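Student:
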Amino acid sequence: MQVDFNTLPEESRVWIYQANRSFSEKELEEIQSKLDIFLGNWAAHGSDLQAGYTIKYKRFIILGLNQNQNKATGCSIDASVRFIQQLETEYNVDLMDKMNVSYKQGDFVAYKTLSDFRKMAKDKAVSKKTIVFNNLVTNIAEFKENWEVPASESWHGRFLK
Numbered sequence: 122m123q124v125d126f127n128t129l130p131e132e133s134r135v136w137i138y139q140a141n142r143s144f145s146e147k148e149l150e151e152i153q154s155k156l157d158i159f160l161g162n163w164a165a166h167g168s169d170l171q172a173g174y175t176i177k178y179k180r181f182i183i184l185g186l187n188q189n190q191n192k193a194t195g196c197s198i199d200a201s202v203r204f205i206q207q208l209e210t211e212y213n214v215d216l217m218d219k220m221n222v223s224y225k226q227g228d229f230v231a232y233k234t235l236s237d238f239r240k241m242a243k244d245k246a247v248s249k250k251t252i253v254f255n256n257l258v259t260n261i262a263e264f265k266e267n268w269e270v271p272a273s274e275s276w277h278g279r280f281l282k
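Just add 121 to wherever you are in the sequence shown, counting from 1, and you've got my numbering.
1) What do you reckon, are the CB atoms on Leu160 and Tyr138 nearer than 8 Å?
2) Please classify Asn350: does DSSP put it in a helix, a strand, or coil?
3) May I ask you to report which of helix, strand or coil DSSP gives Ser223?
4) State buried or exposed for Ile183, treating a residue as buried only when at least 16 other CB atoms are found within 10 Å of its CB.
5) Taking the alpha-carbon of Lys282 as reference, which of Gln207, Glu269, Asp157, Arg239 has the nearest alpha-carbon?
6) Would you mind listing the beta strand (DSSP E) stretches within the stretch 227-255 that are 3+ residues and don't spill past its ends, in chain order?
7) Thinking Phe254 and Tyr212 are a contact (beta carbons under 8 Å), I'd like their distance in whole angstroms, please.
8) Closest by CA to Lys250, which one among Val270, Glu266, Leu235?
9) According to DSSP, Tyr174 sits in a beta bridge with which residue or residues?
10) Hey, how far is the Cα of Tyr232 from the Cα of Asn162?
11) Going by C-alpha to C-alpha distance, which of Gln190, Asp199, Gly185 sits closest to Asp331?
12) Residues in its own chain within less than 8 Å of Gly195 by CB, not counting five upstream and five downstream?
Here it is as structure tokens:
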């Protein structure tokens, strides 16, 4: 059962998928329609899952699941991964690679491989104050507080001296 992402409890689980490029307005409309259908039908062992989504900066798909109602199971998580993989294929975009880094350069969101980000840190092209996206957050409370943070407050900080 799909609900508004903003109504999900703070302890709801989140999965963040970052795209290696921005989506166009047309792609966003299509993806939102597909997400509406997927989440409307998402279930675990026949029980509806109360879930919502948000898309940020035209490149981050964030799924939220209220596990107080029903918990995700291996099969339901596999279904969501297959859905994301279908989006990857259909839109020729990378959403699953966790070894890439997104960060802000002014109002622009940049995307680099982890090795390129490390090199940028070594070359002082990014700093401890650079706003990064910590896609390892696990629930909505962490998402609100620790997703978009200075690199010094995230796992990215280990690359900055």
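Beta carbons are placed, not taken as given, at the ideal position from N, Cα and C, and that holds for glycine.
Here the structure is a predicted model, which is why all the values come from computation and not from measurement.
Tutor: Quick look at the numbers:
1) no
2) The displayed coordinates of the chain run from 122 to 282. Any statement about residue 350 would go beyond what the structure contains.
3) strand
4) buried
5) Arg239
6) 229-234, 252-254
7) With 8 Å as the limit, Phe254 and Tyr212 do not qualify as a contact, their Cβ atoms being about 20 Å apart.
8) Val270
9) Leu184
10) 32 Å
11) With the chain covering 122 to 282 only, the question about residue 331 has no answer from this structure.
12) none
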